[in-house]
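Note sheet for the following structure.
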Amino acid sequence: MTGLEQVAILAAGLVAGILTSTVGVASLVSFPVLLAIGIPPVVANASNTVGLIPAGLSGSLGYRRELREQPRVTWSVVATCAIGSIGGAALLLCLPAGVFELVVPWLILFTCLIVGAQPWISRWLRSRHEDPDSLEPRTTMSPVTTFFAALTGVYGGYFGAGSGVMMMAVLGLGLDLELRVVNALKTLAVLAANVIAGLIFAFVADLDLTAVGLLAAGSVVGGYTGAHIGRRLPPTLLRILIVLAGITAAIVMLR
């Protein structure tokens, strides 16, 4: 690996870390860089998952104020996504590469639609209640929300590109929380999926340790920086950026 390639991976880790804590499409930056320098796809995928764990750690640290606001939901998200990611990691190691390549871009586009329309969907659902004003804010995960969060965890363990956007859609539609809190929970969800899948990959998959180290070094700075950026962005602007990032990710994967 040349010095220029090492710099490219380090820079990709920094940008991916920022995206982890903001719009949730980190792997669409770092994974192609690993492929471009000649790392085989499965090795690149596993190395990318492990290398971005520090981004989730530093990003969650940066969002610690938001996570403390909803401790019960925080632990539910961690457990749900961690369990789901075990299945995702197993799928990556057992299934042929590219099994989901036709489905995932359309799934990301659909979740972008949900993220963008979530305020209107939530108001419509509440309006169908006989007395909308009597409804308590939803601050715990329902069985349906838990199920779809687990599915997102499965995808996060398998590949993860756009999993943050998917988690934003699931939590945004299933909970009545501020967008900054949902973004913090999304960052933690990505971390939980990456940690469990990364532990599995460390024992049973081939890793490029140089790539892992460079991604980790860049992403730990990017994740913390991204948390501060995400907290300060106005909710409408953050929602627009998430939708645009998700659409970009889907288009890249369709090419």
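Residue 1 is where the sequence shown starts when you use UniProt numbering, and the numbers rise one by one after that.
For each residue, glycine too, the CB sits at the ideal point set by N, CA and C.
Given the structure is predicted, the values throughout are model-derived calculations rather than measurements.
For this session: Note down the Cα distance separating residue 43 from residue 207, rounded to an integer number of angstroms.
Result: Cα atoms of residue 43 and residue 207: separation of roughly 6 angstroms, rounded to the nearest angstrom.
Problem set entry | Straight-line Cα distance separating residue 90 from residue 241 | Between residue 241 and residue 90, the C-alpha separation is close to 32 angstroms.
For this session: May I ask you to verify whether the region 168-175 touches the region 108-122, counting CB pairs closer than 8 angstroms and requiring at least 3?
Result: In short, these stretches touch, since the Cβ pair count reaches three.
For this session: Quick one: residues in its chain with C-beta nearer than 7 angstroms to the C-beta of residue 69, no 5 flanking neighbours on either side, listed in chain order?
Result: 181
Problem set entry | Supposed close pair residue 25, residue 185 - CB separation, criterion 8 angstroms | Between residue 185 and residue 25 the Cβ distance is about 17 angstroms, and since that is not below 8 angstroms, they are no contact.
Problem set entry | Straight-line Cα distance separating residue 7 from residue 163 | Rounded to the nearest angstrom, the two C-alpha atoms are 26 angstroms apart.
For this session: Take residue 13 as the anchor and find which of 248, 38 and 58 has the nearest alpha-carbon.
Result: Nearest option by C-alpha distance: 58.
Problem set entry | Selection from 83, 47 and 35 that minimises the alpha carbon distance to residue 146 | 83
Exercise. Of all the options 60, 87, 86 and 88, which has the alpha carbon lying nearest to the alpha carbon of residue 75?
Worked result: 60
For this session: State the Cα-Cα distance for the pair residue 62 and residue 222, rounded to the nearest angstrom.
Result: 11 angstroms
For this session: Alpha carbon to alpha carbon, how far is residue 137 from residue 9? Give it in angstroms, no decimals.
Result: Approximately 43 angstroms, taken between the alpha carbons.
Exercise. Would you report the Cα separation of residue 179 and residue 231, rounded to the nearest angstrom?
Worked result: Cα atoms of residue 179 and residue 231: separation of roughly 9 angstroms, rounded to the nearest angstrom.
Exercise. So, is residue 236 buried or exposed, given that buried needs 16 or more other C-beta atoms within 10 angstroms?
Worked result: exposed
Exercise. Under three-state DSSP, which class holds residue 72?
Worked result: helix
Exercise. My guess is that residue 50 and residue 189 are in contact by the Cβ rule of under 8 angstroms, so how many angstroms apart are they, rounded?
Worked result: The pair is not a contact, with the Cβ atoms about 17 angstroms apart (cut-off 8 angstroms).
For this session: Throw me the rounded Cβ distance for the residue 47 and residue 37 pair, which I believe falls under 8 angstroms.
Result: Between residue 37 and residue 47 the Cβ distance is about 11 angstroms, and since that is not below 8 angstroms, they are no contact.
Problem set entry | Pairwise C-alpha distance: residue 55 and residue 216 | Distance between the alpha carbons of residue 216 and residue 55 is about 7 angstroms.
Exercise. Would residue 158 pass as a contact of residue 218 if the rule is Cβ separation under 8 angstroms?
Worked result: Not a contact, by the Cβ cut-off of 8 angstroms.
Exercise. Along the chain, where does the alpha helix (DSSP H) that runs through residue 231 open and close?
Worked result: Unbroken alpha helix (DSSP H) run through residue 231: 209-232.
Problem set entry | Proximity below 8 angstroms, CB of residue 139 to CB of residue 73 | Yes.
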